[in-house]
Each structure stands twice: as structure tokens, then as C-alpha cells.
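Residue numbers (the working numbering): 0 to 651. By construction, the Cβ of each residue, glycine as well, lies at the ideal position given by its N, Cα and C atoms. On a predicted model such as this, the values are computed, not experimentally measured, just so you know. Here is the structure we will look at, set down as C-alpha cells.
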Amino acid sequence: MDVARKRNFILLGHAQSGKTTLSESLLYFCKATNRKGTIAEGTTVSDYGFDEIERKNSINSSLLYCDYKEHRIQMIDAPGYADFFGEAISGIRGVDAAVIVVDANSGVEVGTERAWQLLEEAGLPCLIFINKLDREGADLDKALSEIKDRLSKRAMLVDSLEDAALVEAVAESDDKLLEKYLEGAKLSQEELSAGLRQAVTRRNVFPVLGGSALTDKGIPQILDAIIQYLPNPQERPKIEATDPLKPEEKKEVVFKEDAPFCAFVFKSISDPYVGQLTLLRVFSGKLLSNTSFYNVNKRTRERIGQIYLLQGKEQVGAEAVACGDIVAIAKLKETVTSDSLCDEKAQVLFAPIVFPEAAISASVKPKSREDEEKISIALHKLVAEDPTFKVTHDPQTKELIISGLGDQHLGVMVNRLKKRFHVDVEMGTPKVSYKETITKGVKVQGKFKRQSGGRGQYGDCWIEVEPLGRGGGFEFIDKIFGGAIPRNFIPSVEKGVRQACLEGAVAGCNIVDLRIRLVDGSYHEVDSSDMAFQIAGGMALRKAVQEAGPVLLEPIMDVEVFIPEDYLGAISGDLNSRRGRIMGMDVKGKSQIVKAQVPQSEMFTYANDLRSLTGGRGSYSMRFSHYEEVPHKIASTIIAAYQATRKQEERE
Ligand SMILES: Nc1nc2c(ncn2[C@@H]2O[C@H](COP(=O)(O)OP(=O)(O)OP(=O)(O)O)[C@@H](O)[C@H]2O)c(=O)[nH]1
Ligand SMILES: [Mg+2]
0 MDVARKRNFI LLGHAQSGKT TLSESLLYFC KATNRKGTIA EGTTVSDYGF DEIERKNSIN
60 SSLLYCDYKE HRIQMIDAPG YADFFGEAIS GIRGVDAAVI VVDANSGVEV GTERAWQLLE
120 EAGLPCLIFI NKLDREGADL DKALSEIKDR LSKRAMLVDS LEDAALVEAV AESDDKLLEK
180 YLEGAKLSQE ELSAGLRQAV TRRNVFPVLG GSALTDKGIP QILDAIIQYL PNPQERPKIE
240 ATDPLKPEEK KEVVFKEDAP FCAFVFKSIS DPYVGQLTLL RVFSGKLLSN TSFYNVNKRT
300 RERIGQIYLL QGKEQVGAEA VACGDIVAIA KLKETVTSDS LCDEKAQVLF APIVFPEAAI
360 SASVKPKSRE DEEKISIALH KLVAEDPTFK VTHDPQTKEL IISGLGDQHL GVMVNRLKKR
420 FHVDVEMGTP KVSYKETITK GVKVQGKFKR QSGGRGQYGD CWIEVEPLGR GGGFEFIDKI
480 FGGAIPRNFI PSVEKGVRQA CLEGAVAGCN IVDLRIRLVD GSYHEVDSSD MAFQIAGGMA
540 LRKAVQEAGP VLLEPIMDVE VFIPEDYLGA ISGDLNSRRG RIMGMDVKGK SQIVKAQVPQ
600 SEMFTYANDL RSLTGGRGSY SMRFSHYEEV PHKIASTIIA AYQATRKQEE RE
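Here is the structure:
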């Protein structure tokens, strides 16, 4: 297929606006399928996942294709829910343009704005499809005027090329046309329609169409618009890339079939039959099945087997693919999402995909013991598929923590663990990794003495402890003079002290930020042993901490909240009520950024709380900053709870 006859785009928009139904309608109209599937029956080509069928919405983006008027159209159907927005972010790296679907009754929604912003940042052109016009009360003009108000004045109906605003926008995209237009001459139909195509690619015009995906209204019109107005892979906007051998220099990628091969990996899928499928977009040159490519990120060549086109879950073998194609390759060993692939002699490094930070966490625990091994293999596979899903192990609380973009996201993953990997888990709120430290210096004795029958035990040490600053860690200094403790038992004392620091003295947390000096002690010729001095060291440390004004430390997070201006007051107030400190404000595009430091324990439900506070318009990112003292009242509650469980355990 000639590259000028290729079009590819991503379907974006608010959840439930009808993207998947539209994709199904396009496939059916182009005879790529012989039956039109529906969301209700769970029979669409795109939403083939068991959980997509169960929930009746898209979770993963899928790749589809059809032919229309001698053009090859490839599309990516992305999910609309915020929890799965990572799929839209990766998907746009495979395409040249987008079709934004808007529900006529609901108009511009949060998900529409989010999609719009994504395209604005990527500099990709788009068409807008106002859907569900079959429904009672649906009003194309009303939806269009809202789109003009909230997205862009350059969103326009293009079926009448006479419209003055349209003519002006087209003229502005081409110097020659602009000159003619400013001189007052009338632009010809040919000039206008060629100019319009350029205006769309340059994001000067966003053509708007209307219809109904459910009842197949407006389908040929949107197909015509796709081939008439959207750029082909050679005309697409420029792409950010560098030469890995000269990383300082930007590199211009020419989108041509007879140029060196380069491609970008935007997604991985794990398929139940063929295993790992790697999805890539070819930007230049050709790639043949059963050859190899150079992976710039891994600095290695990798052999490939069969190349496939994807029609939902179905793989269709392709001998050769070229500039503009979006394809899948099975069982690659080295190559992962965000890698750049190319000809070794003409290296190109594309910018990596920047995914949103995981915002919400939960602890997971297999319900049965046999599943403990299975769960890590299963989680590993889920992580490989979804770069917005993270798994960590907290060494202090010994919990397995999963993190994602929202509670629906985590719910989907836990459901996959169960259905795909047969691992049933219990989900809970993660425990905070508190730490213990001291606020003043003390000197104490730790003495362990057992001398009743048989061989006795004897260890005795005096230690001085003093607080270190935050992040000071643990220091142990041997100040024994004159053999009060024999040299070979000094490491035993240190070992006992260190072990006690791991176990905690008041709330079962690591003890940190203190200096310990071993200053004195005594021993017994026969009864002293390594074990006895370890125990004495531990006893001394626990006693010292309890006497040295112990406090708890908690992790404090750096939080950045992105919101429209109207929500500033509500968001700042809410952060204050979470014991947060506002550190500053900033502006990015149309968003306000509130920067704050907030204790981690107050942030576990923030993803959902922020969503309800801002009607879904807010987003945030968060990372660990430092440890700080827990306010006394809260610390007492935590310590009391720990002591209570200890007592309970001892009784059992
Ligand atoms: N009346 C009417 N209903 C529609 C139309 N298009 C889609 N729907 C219905 O709207 C619901 C959502 O449709 P989907 O195609 O799943 O929407 P989506 O945008 O893919 O949703 P997400 O994947 O969750 O983002 C389904 O119940 C569809 O049957 C339409 O043109 N008219
Ligand atoms: Mg969908």
C-alpha cells in the first residue's frame, strides 16, 4: 500500500461516549467484519478482554484496521476512564492523528478535556465526532457551541466550504493563500479543500462531524473526512528524536518508505496463545518478517519472527511492513515498551513515553498459602503489560503493595489475578512505614545473667545513645578501654543492638537517626558468650530508646495537584485538613499547580477524594520526600495500637 493512502488515528474521548461502538461501526461499514457487534452483547472486535466484556467498557487500547476507498485505515480504540488513561498516552505514540468522540447530550466532559490536552501537548491534529445524535434531545448545534467555547473556536463543521471563519482559518495555514485572501481575492474550491487538509494537520482547523455510531449515521462522512483531512504518515507533524551517538543534537526523522528503518514500541500485550506481543509504529523504512532490527535503548540487535497486523485479538500475518504501519511482533526477548528500533547505521532515539505516576496503593495478600509463589509471577506479567501499574515490597511492614491510577485500575488488576492467574487476594490499605527515633541522650546498662544449674549466661554492657539529625541513620562506636568487655564480644553487642533497631522499642518500627557508644561493661570467664552479649546489647538499646524521649517518624510526600483555578480554595483547604503544608503555587497552561508536603498516611484515598472534589478535573503526582516527627497525639494512638496487638499475640 502506497504510504499516501495510509491513515491512522486514535479514538479518544470521555468514557462511554461511544468510541468502541464507532470503531465497530467503521469496521462493519468497510466490510472488515460481516456482523456488527455490540457493547451490550460483549461482541465488539475491540473490547475482547474478559473484563471489558464483564464491565462493558474498554480497559486496554486495541488495534483495528479496515480498507476504505483504496485507503488502509488503522485505528487504536482507547479507553475513556481516567484510571486507564495510560493507554491513551501510549496509544498516541502509534498514530498521526485522533478522532475525539463527544456524546451529544453530555457535551464536553472531563475526559474530552483530558483528551484535548493530550493532543495539544503531542501537537497532533484531530477530527471531532458528535455521537449519539439518535437519542432524544440530542442537539448537534448545542454540542458544537460548547466545543467551540471549551475546546477551540477552530472546531468547525466543514461541509460548507463557504463559511467565512473556515475560509479565514484555511488561508492562515498557507502563506500563498493568505496573501491572496488578504488582497480580497476569492479562494477556489480546489485551493480551499487542499488548504483545509493542511490547516487540519497544522491544528488550525478541527473538523466537526455528527452522527450515531449505534445506528450507523454519519459513518461514510467520517470515513471520507478521515481520508480527506487527516495527514498521511508522510505528512504527519514532526516528531521529537535525537541521534544516540550525538545526544545533544536533535534529529529530524524523515517519514519515507525508502529511508532507513525506524520504529517506536508503544505497547506490550500478553496474549494467552502467542505470549508477549510487542506493538510498534514504523515511522520510516521497511521491516520484513524473519529478519532483525537494532534496539537503540538496549544497544543490541534482536531477531524477529513473523510480523502481524492486529484486528482486536486476532493476528493477521504480514510479510513486510513499512512507513506508517502499526504492527505486532511476538516473543521479543529484549525489547520493551518505549524502546526505539532502527537500522544500526542510521540510529534514531525517540523520546520515551511519560506515564502518569501511580496515585493509589493497596496491600495484597494471597488468601491461600500455596498462592504465595504464584502471585509474584502473575504480578510480574501484569506489570509488563501496564506501565502505570506498579508492585513493590515494603521490607519493614513486609507487605506486598500494588499501585495504580485509581481504585478501578487496582480492582481490574486484582480481578485479573483471580480470573487469569487463579490467585485470590485480600486487598487492604497499606501500612505506613513509621520509624522510631530518640530526642535526647541517655546512658543505660543492659545486663543478661542466667546462672541456675548447668552452664550460665553472662553479658553486661553500658551504652550511651544520642540523637542524630534526620537521615543520620545508625552509628555504633566502640569506646571500651581496658578490656571491660573482651574484644571478641564487642561485635556481639553491636549485632544485638542492630537487631533491636530493626525490631523497634515502642511501636515495632525501625529505629533510626541515633549514635550509640559502647562505653563500659563486664564479663564472666566461663559464662560469657556471643549470644549473651547479643542479648545484653538488645536489652540496652530497648531500654535506652524508651528512656530517651522516643518519637515516631512518618514519611512525608511531595505532592503536586493539577486543577482548574476554580478549585484552588477547595484543594488548599482539603490539603490543610490532611496535615499538609502548602509549599507554593504555579501555573501550567490552563491548570494551576498546588505544591504541598503531606504525610503519606493521609494520602491513601486521595485519588478518589480529588476526583470527587473536582468532578474529575484534578490530577496529582506524588513522591517520597523525607521523614518527619508524627504529632504526639497521633503517635500515642499508633503506639497504643501496637502494644495492644503485642499483648494479644503474647496471650495467644
Ligand atoms: N443511543 C446511542 N447509544 C450509543 C451510541 N454509541 C454508543 N452508544 C452506547 O453507549 C455506551 C458506551 O459505548 P462504548 O462504545 O462502549 O463507549 P466508549 O466510548 O468506547 O466507552 P469507554 O471504552 O468506557 O471509554 C454503550 O451502551 C453503547 O451502546 C449511539 O450512537 N447512540
Ligand atoms: Mg471503549
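Asked, Found
"N-terminal and C-terminal residue of the alpha helix (DSSP H) that His408 is part of", "Asp406 to Phe420"
"Three-way DSSP call (helix, strand, coil) for Met621 in this model", "strand"
"Ile374 to Ala31 span [Cα, whole Å]", "39 Å"
"Opening and closing residue of the beta strand (DSSP E) in which Lys434 lies", "Lys434 to Thr436"
"Secondary structure of Lys216, DSSP reduced to three states", "strand"
"Start-to-end residues for the beta strand (DSSP E) that takes in Thr299", "Thr299 to Arg302"
"Limits of the unbroken beta strand (DSSP E) element including Pro490", "Premise fails: Pro490 lies in the alpha helix (DSSP H), Ile489 to Glu502, not in any beta strand (DSSP E)."
"Selected residue, minimal CA-CA separation from Arg541, among Leu208, Gln314, Leu186 and Val464", "Val464"
"Range of the contiguous beta strand (DSSP E) that encloses His392", "Lys389 to Asp393"
"Touch test, the segment 325-336 against the segment 360-371, Cβ-Cβ under 8 Å, three pairs minimum", "no"
"Anticipated Cβ contact below 8 Å, Ala697 with Ser283, distance rounded", "Shown here, the chain extends from 0 to 651; a query on residue 697 therefore has no answer."
"Ligand 1 heavy atom lying under 7 Å from the CB of Pro219", "no"
"Given Thr200 as reference, the closest of Val315, Ala142 and Leu126 once Cα atoms are compared", "Leu126"
"Ala483 (DSSP reduced to helix, strand or coil)", "coil"
"Inter-stretch contact (C-beta, 8 Å, three-pair minimum) for the segment 162-172 and the segment 246-264", "no"
"Coarse secondary structure for Gly209, derived from DSSP in three states", "strand"
"Which of helix, strand or coil DSSP assigns to Ser590", "strand"
"Contact set for Ala357: own chain, Cβ-Cβ below 8 Å, skip 5 residues either direction", "Thr387, Phe388, Lys389, Ser402, Gly403 and Leu404"
"When Val518, Asp557, Lys417 and Ala543 are compared against Gly481, the one with the closest alpha-carbon", "Val518"
"Among Ile99, Gln305, Pro549 and Arg610, nearest to Leu143 - alpha-carbon criterion", "Ile99"
"Neighbourhood of Met655 by C-beta, 7 Å cutoff - its chain only, sequence neighbours within 5 removed", "Outside the shown range of the chain (0 to 651) lies residue 655, about which nothing can therefore be said."
"Of the residues Ile52, Met0, Leu399 and Arg454, the one placed nearest Ile72, counting alpha carbons only", "Met0"
"Residue range of the unbroken beta strand (DSSP E) whose run includes Lys364", "Ile359 to Pro365"
"Gln498 to Asp477 span [Cα, whole Å]", "17 Å"
"Pocket of ligand 2 defined by Cβ to heavy atom distance under 5 Å", "Lys18, Thr19 and Ser57"
"Any non-hydrogen atom of ligand 1 closer than 7 Å to Gly12 Cβ", "yes"
"Residues bridged to Ile515 (per DSSP)", "Val464 and Phe475"
"Cα-Cα separation, Glu189 to Glu171", "16 Å"
"Reduced DSSP secondary structure (H/G/I, E/B, other) of Phe265", "strand"
"Uninterrupted alpha helix (DSSP H) stretches inside the segment 512-573 (no shorter than 4 residues)", "529-546"
"Distance between Phe623 and Ser451 (C-alpha atoms, nearest Å)", "52 Å"
"Among Leu229, Ser45, Asn231 and Ala14, the one whose alpha carbon lies nearest that of Leu707", "For the chain, the structure presents residues 0 to 651; residue 707 sits outside this window and is missing."
"Pick from Arg610, Glu239 and His421 that is closest to Lys366, judged by C-alpha positions", "His421"
"Simplified DSSP state of Ala606, which is helix, strand or coil", "helix"
"Check: Gly36 C-beta below 7 Å from any heavy atom of ligand 1", "no"
"Whole-Å CB distance - Asn607 paired with Asp385, under 8 Å assumed", "That pair is no contact at about 20 Å."
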